[in-house]
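K.L.:
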DNA sequence: GTAGGGTTAG
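Residue numbers (this note's numbering): 80 to 928.
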C-alpha cells in the first residue's frame with residue numbers, strides 16, 4: 080500500500096500529459112493486480128443521507144391553521160406574539176394555500192400588518208414555491224422596501240428562471256437609490272451566468288469590484304468565476320481567481336469547473352493538483368470534476384489514476400461521484416469498467432441510468448442500451464427527457480423502427496411529447512429508420528413557429544437524409560418567413576441539402592448570408608462548403624475554401640480528397656494526400672477510400688493496389704468491405720471478371736453483398752450475362768430487399784437488346800415488392816432547382832423539352848450515331864439537360880444531379896449532345912461527376928463509368 | 001449569495 084501511494088504521487092501531476100503515450104495501454108500496470116482492489120471502495124455501504132437527503136418538514140394548510148389558532152390564543156392571553164413564530168411558520172409551509180392563510184393572518188393582525196421583516200419572509204416563501212406573481216404583490220405592499228426586500232425579490236425571480244427580470248429589478252433599485260449589497264450582487268451574478276451574456280457579466284463584475292472587497296469575498300469570487308465560465312471567458316475567470324485571497328475549496332472547484340466547461344482539461348487537472356499542496360482537501364465535488372475532466376479527454380489510463388486518487392482519499396462515494404465514474408469510464412472506452420461501477424453502486428438515480436444507457440448507445444451497443452432502458456423501468460426509476468433522447472438515439476443507430484414506435488408511445492405516456500429536445504430526437508429517429516412520413520407528422524404536430532431552431536434543423540436534416548433536398552430548402556425558406564432564426568448548424572444542414580440536389584447558386588447564397596450575418600466560417604461549415612462545391616463540380620471553389628480554412632480536421636481533408644476524386648482529378652488527390660502528410664494529419668479509412676475511388680474512376684488498377692497496400696502496411700488501417708469493393712470494382716471493370724469472382728468467393732467477406740454488387744456492375748459493362756446472374760443471386764441471397772440487382776440486370780438486358788428479359792425482370796421485382804428508389808434528376812437554372820422523373824410528373828415546358836430531344840435524336844442519327852434501344856423512353860437526366868439547354872443562353876454550362884447511376888445509353892448520348900450544343904455538361908451520379916467535353920464528345924470518366 | 005454527475009442539429 081505504501082509503495083503504491085508513492086507511485087500515485089509520482090503519477091498524479093502528470094495525469095494528462097501522458098495521454099498520447101498511454102492511449103492504448105488499457106491495463107496500467109502500476110494500478111492493477113492483487114495489491115489493491117479498485118472496485119472495493121465503490122460498493123461501500125452508503126449512509127442513508129447520501130442518497131435520500133432529508134426533506135425539510137413541511138406543514139399542510141390544516142397544520143398551519145392550527146398553529147395560527149394557537150398563536151392567536153397566545154396573543155389574546157399574553158398580548159404578545161414573537162414575530163419569530165411567524166417566520167418559522169413561513170419557512171415550514173410548503174404549499175401556496177398554507178402561505179395564503181398565513182399572509183391573510185398577518186395582514187389582519189394589527190401588530191404585524193405592515194411589518195417589513197415579516198413581509199420579506201412572505202416574499203421569500205412565495206418565491207420558493209414558485210409563485211413569483213404573489214411574491215411581487217406582497218413586495219409591492221411593503222411601504223419602504225429595503226435592500227433585503229429587494230434582494231429577496233430578485234432571488235425569487237432568479238430561482239424561477241426569470242433572469243432578465245433580475246437585471247431589470249437591479250436597474251429599478253438604482254433609480255430608487257437602493258444600494259445593492261454583496262448578496263444582491265451575488266444573486267444578479269447568478270442570473271447573468273444563466274443568461275450567458277458577456278456584456279452584462281463585465282458590467283456586474285465592475286460593479287461588484289466597486290462595491291465589495293472582492294479579494295476577500297470568496298463567495299462573490301466563486302460566483303464570478305462561474306459566471307465568466309458560462310459566458311465563455313476563461314481569461315477573466317482566471318483573473319478573478321488569481322486575485323482572490325483566502326481561496327477556499329468551493330472557489331477552487333469553481334475554477335476547475337470553469338476550465339472543464341471551456342475545454343481546458345489540462346489546466347483543470349493542474350489546478351486539482353495544486354489543491355492539496357495549498358492545504359485544502361479535495362471533496363466529492365472536486366473528484367466529480369476530476370472525473371469529468373478525464374471523461375472529456377477520454378484517456379483510459381488517466382481515468383484509472385483518477386479513480387485511484389479518489390479511493391486513496393478515503394472519501395465516501397456518493398451517487399454523483401459514482402455516476403461521474405460511470406460516465407468517465409464509458410467515455411474512456413471501457414464499458415466494462417463503467418458497467419462494473421454501475422452494477423455495484425447503490426442508489427442509482429435517473430442520471431446514473433442515463434449515463435449508462437448513453438455509454439452503450441454511443442459505442443453502438445444499441446441492444447444493450449434498449450435492454451437497460453427496460454431494466455430501468457423495472458427498477459422503478461422514472462425516465463426523463465434525457466433518457467428518451469438517449470434511447471431514441473439507439474433506435475436511430477440501429478434503424479429499429481418498431482422499437483422507436485414503442486418508445487414514442489412511452490414518450491407520450493410520460494408526458495414528454497411537448498419537449499422540443501425529445502421531439503427533435505423523434506424526428507431524427509423516424510428519418511433514420513426511413514419513415515419520413517412519421518418524422519413530418521411529429522414535426523407538424525409538435526413543432527410550432529416559436530419552437531426551437533433545433534427542431535427545425537432536425538427536420539431539415541431528416542428531409543435531406545431521405546433524398547428530399549428540395550423540400551429541405553423549402554422548409555428553410557418557411558423557417559425564415561416564420562421568423563425562426565437560423566444558426567450555424569442550420570446553415571450547415573441547408574448547405575448539405577443544396578449539395579444533395581446540386582443547388583450551387585442557392586448554396587452560394589447561403590454562404591453569403593453566413594458572412595453577412597457575421598457568423599465565423601468554422602471548420603464544419605467550411606467543410607460543408609467544400610462538399611457543396613465538390614458535389615456541384617466546382618473543384619476550383621472547393622479548393623479556395625479549403626485553402627482559406629486555417630484549421631482543418633480529418634473530415635475536411637477527406638472532403639477535399641473526395642471532391643478531387645469525384646471530379647476525376649486523381650493527380651490532385653495524390654498531391655493533396657502528400658500535403659496532408661506534411662500537415663501532420665493522420666489518414667483514416669475514409670481517406671484511403673477516397674483515394675481508391677479516385678483510382679477507380681480513372682481505371683488505375685496498379686495505383687489502387689499500391690494505395691491498398693500502403694493502407695494496410697503503411698498506415699495500419701483495417702480495410703472494410705468498401706475498400707475491397709473498390710478494388711473489386713476496378714479489376715472487374717478492367718475485365719478480370721473470373722479472377723474477381725474467385726477472389727470474392729474465397730474470402731470471408733463473400734458475405735458482404737456490396738462486393739457482389741460491384742461484380743454485377745462489372746458484368747453489366749462487359750455483358751457477361753451468366754456471371755451477372757450468379758452475382759445477382761448472391762446479392763439477393765444476402766440482402767433480399769435490395770432492389771439494385773434488378774436495376775442493374777435490367778440495364779444489362781436492355782443494353783444487349785433482351786427486352787423480354789427486361790419485362791419479366793420488372794414483373795419479378797414487382798412480385799417481390801421491391802421498393803426501388805425512383806430515378807430522378809435535378810438541374811439548377813437561374814438559381815431555381817428543377818426536378819425531373821416519374822415523381823415530379825410532367826414539366827410545364829414538357830412539349831418544348833420533347834421537341835428539343837427529338838431534334839437531338841434526328842441530328843445524332845444523321846451523324847450516324849445509333850443510340851441503343853431505350854426501353855424506358857426519355858430518362859430524366861436527358862430531360863433535365865434538354866430543359867437546361869432551352870432555358871439558358873447558349874454556351875452556359877449545364878450541371879445535372881442524378882440520384883441513381885446513368886445507363887449506358889444516356890452516357891453515350893450525352894457525349895454527343897455535349898458536342899452538338901457546344902456546352903460543357905456535367906452529370907453527378909452518386910459519388911462521381913462526369914464532365915462531358917464538347918470538343919471531342921468524350922467524358923472525363925474515360926468510359927470507366 | 002458560491003463549487004459536482006446526463007443530452008440537445010452539423
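Just so it is clear, CB atoms sit at the ideal spot from N, CA and C, and this is done for glycine as well.
To the nearest angstrom, report how far apart residue 422 and residue 406 are at their CA atoms.
P.N.:
Position 343 of the first chain, counted from the first residue, corresponds to residue 422. Position 327 of the first chain, counted from the first residue, corresponds to residue 406. So the alpha carbons of these two residues sit roughly 13 Å apart.
K.L.:
Looking only at its own chain, which residues have a Cβ that is under 6 Å from the Cβ of residue 640, when we skip the five neighbours before and after it?
P.N.:
As a first step, residue 640 must be located in the first chain, where it is residue number 561. Counting only Cβ-Cβ distances below 6 Å, and skipping sequence neighbours, we find 652, 655, 673.
K.L.:
For residue 348, tell me which candidate among 586, 374, 804 has the shortest Cα-Cα distance.
P.N.:
Along the first chain, read from residue 1 onward, the residue named residue 348 stands at position 269. With distances taken between Cα atoms, residue 348 lies closest to 374.
K.L.:
Relative to the alpha-carbon of residue 280, which residue among 300, 414, 294 has its alpha-carbon at the smallest distance?
P.N.:
Here residue 280 corresponds to residue number 201 of the first chain, with the count starting at 1. That would be 300, whose Cα lies nearest to the Cα of residue 280.
K.L.:
If we require 4 or more residues per run, which alpha helix (DSSP H) segments fall completely within the segment 564–630?
P.N.:
If we require 4 residues or more, the alpha helix (DSSP H) runs fully inside the segment 564–630 come out as 567–580, 583–595, 602–614, 618–627.
K.L.:
Could you tell me which residues DSSP pairs with residue 818 in its beta bridges?
P.N.:
In the first chain, counting from the first residue as 1, residue 818 sits at position 739. Residue 818 is bridged to 809.
K.L.:
Please go through the same chain and pick out, in chain order, the residues whose beta-carbon is closer than 7 Å to the beta-carbon of residue 716, but skip the five residues on each side of it.
P.N.:
On the first chain, residue 716 is found 637 positions in, with the first residue counted as 1. If we look at residue 716 and ignore the five residues flanking it on each side, its Cβ neighbours are 682, 745, 748, 927.
K.L.:
According to the neighbour-count rule (16 or more other Cβ atoms, all chains shown, within 10 Å of its Cβ), is residue 768 buried or exposed?
P.N.:
Residue mapping note: residue 768 aligns to position 689 of the first chain, counting from 1. Looking at its Cβ environment, which holds fewer than 16 other Cβ atoms inside 10 Å, residue 768 is exposed.
K.L.:
What alpha helix (DSSP H) runs, 4 residues minimum, are completely inside the segment 632–666?
P.N.:
Counting only runs of 4 or more, we get 633–645, 649–661.
K.L.:
Please determine, among 475, 598, 864, 432, the residue with the shortest C-alpha to C-alpha distance to residue 828.
P.N.:
Locating residue 828 in the first chain gives position 749, where the first residue counts as 1. Comparing Cα positions, the closest option is 864.
K.L.:
Starting from residue 904, follow its DSSP beta bridges and name the residues at the other end.
P.N.:
Numbered from its first residue, the first chain carries residue 904 at position 825. According to DSSP, residue 904 bridges with 877, 915.
K.L.:
Buried or exposed, going by whether 16 or more other CB atoms sit within 10 Å of the CB of residue 645?
P.N.:
Stepping through the first chain from its first residue, residue 645 is reached at position 566. By the neighbour-count rule (16 or more Cβ atoms within 10 Å), residue 645 is buried.
K.L.:
At what residue ranges does the segment 679–751 contain a whole run of the alpha helix (DSSP H), taking only runs of 4 or more?
P.N.:
Those alpha helix (DSSP H) runs which fall completely within the segment 679–751 and span 4+ residues are 684–692, 704–716, 720–729, 736–748.
K.L.:
Verify whether the separation of the beta carbon atoms of residue 198 and residue 185 is less than 9 Å.
P.N.:
Translated into the one-based positions of the first chain, residue 198 becomes position 119. Translated into the one-based positions of the first chain, residue 185 becomes position 106. Yes, these two residues count as a Cβ contact at 9 Å.
K.L.:
For the alpha helix (DSSP H) containing residue 479, list its first residue and its last residue.
P.N.:
On the first chain, position 400 is the one that residue 479 refers to. Premise fails: residue 479 is in no alpha helix (DSSP H) and is neither H nor E.
K.L.:
For the segment 827–851, which segments carrying the alpha helix (DSSP H) assignment without a break, of at least 4 residues, lie completely within its bounds, in sequence order?
P.N.:
You should have 829–845.
K.L.:
Quick one: what's residue 924 bridged to in DSSP?
P.N.:
By 1-based counting over the first chain, the position of residue 924 is 845. Bridge partners of residue 924: none, in fact.
K.L.:
Measuring only the C-alpha atoms, how far is residue 324 from residue 638?
P.N.:
Looking up residue 324 in the first chain gives position 245. Looking up residue 638 in the first chain gives position 559. In a straight line, the C-alpha of residue 324 is about 51 Å away from that of residue 638.
K.L.:
In this structure, does DSSP put residue 471 in helix, strand or coil?
P.N.:
Residue mapping note: residue 471 aligns to position 392 of the first chain, counting from 1. Helix at residue 471.
K.L.:
DSSP on residue 167, reduced to helix/strand/coil?
P.N.:
To locate residue 167, count along the first chain from 1; it is residue 88. DSSP places residue 167 in helix when its eight states are reduced to three.
K.L.:
Near residue 266, what residues of its chain come up, given a Cβ to Cβ distance below 8 Å and the 5 sequence neighbours on each side ignored?
P.N.:
Counted from its first residue, the first chain places residue 266 at position 187. Contacts found: 230, 233, 234, 237, 245.
K.L.:
Starting from residue 330, follow the alpha helix (DSSP H) in both directions and report where the run begins and ends.
P.N.:
Start at 1 with the first residue of the first chain, and residue 330 comes out as number 251. Run containing residue 330: 328–340, per the alpha helix (DSSP H) assignment.
K.L.:
The alpha helix (DSSP H) that contains residue 432, what's its start and end?
P.N.:
As a first step, residue 432 is located in the first chain; it is residue number 353 there, counting from the start. From DSSP, the alpha helix (DSSP H) with residue 432 extends over 429–441.
K.L.:
For residue 929 and residue 705, I'd like the C-alpha separation in whole angstroms.
P.N.:
The requested residue 929 is not part of the displayed model; the chain covers only 80 to 928.
K.L.:
Taking the alpha helix (DSSP H) that residue 538 falls in, what are its first and last residues?
P.N.:
For the purposes of this step, residue 538 is taken as the residue at position 459 of the first chain. Run containing residue 538: 532–544, per the alpha helix (DSSP H) assignment.
K.L.:
Buried or exposed: where does residue 535 fall if 16 or more other Cβ atoms within 10 Å of its Cβ makes it buried?
P.N.:
Working through the first chain from its first residue, we reach residue 535 at position 456. When all chains shown are included, residue 535 counts as buried.
K.L.:
If you drop the 5 nearest sequence neighbours on each side, which residues of the same chain put their C-beta closer than 6 Å to that of residue 509?
P.N.:
Within the first chain, the letter at position 430 stands for residue 509. Closer than 6 Å at the Cβ level, and outside the excluded window around residue 509, lie 517, 518.
K.L.:
Exposed or buried, residue 737, counting other C-beta atoms within 10 Å across all chains shown (16 or more means buried)?
P.N.:
As a working note, residue 737 is residue 658 in the first chain. Residue 737 should be labelled buried.
K.L.:
Quick one: what's got a C-beta closer than 6 Å to residue 777's C-beta in the same chain, skipping five residues either side?
P.N.:
Numbered from 1 along the first chain, position 698 holds the residue referred to as residue 777. Excluding positions up to five away in sequence, the list reads 789, 792.
K.L.:
Of the choices 157, 179, 163, whose alpha-carbon is the least far from that of residue 143?
P.N.:
In the first chain, residue 143 corresponds to position 64, counting from 1. Residue 179 is the option with its Cα nearest to residue 143.
K.L.:
Could you tell me the distance, in whole angstroms, from the CA atom of residue 240 to the CA atom of residue 213?
P.N.:
Counted from its first residue, the first chain places residue 240 at position 161. Counted from its first residue, the first chain places residue 213 at position 134. Computed Cα separation, rounded: 16 Å.
K.L.:
Give every residue of the same chain whose Cβ lies closer than 8 Å to the Cβ of residue 330, excluding the five residues on either side of it in the sequence, and list them in chain order.
P.N.:
Working through the first chain from its first residue, we reach residue 330 at position 251. If we look at residue 330 and ignore the five residues flanking it on each side, its Cβ neighbours are 297, 300, 301, 304, 320, 323.
K.L.:
Which stretch, first to last residue, makes up the alpha helix (DSSP H) that contains residue 455?
P.N.:
The residue labelled residue 455 in the question sits at position 376 within the first chain. Segment 445–457, the alpha helix (DSSP H) holding residue 455.
K.L.:
Name, in chain order, the residues that DSSP records as bridge partners for residue 172.
P.N.:
Within the first chain, numbered from 1, the residue matching residue 172 stands at position 93. Residue 172 is bridged to 138.
K.L.:
Should residue 168 be labelled buried (16 or more other beta-carbon atoms within 10 Å of its own) or exposed?
P.N.:
Translated into the one-based positions of the first chain, residue 168 becomes position 89. Result: buried.
K.L.:
On a CA-only basis, which of 618, 603, 554 is nearest residue 630? Give me that one, please.
P.N.:
Along the first chain, one-based indexing puts residue 630 at 551. It is 603.
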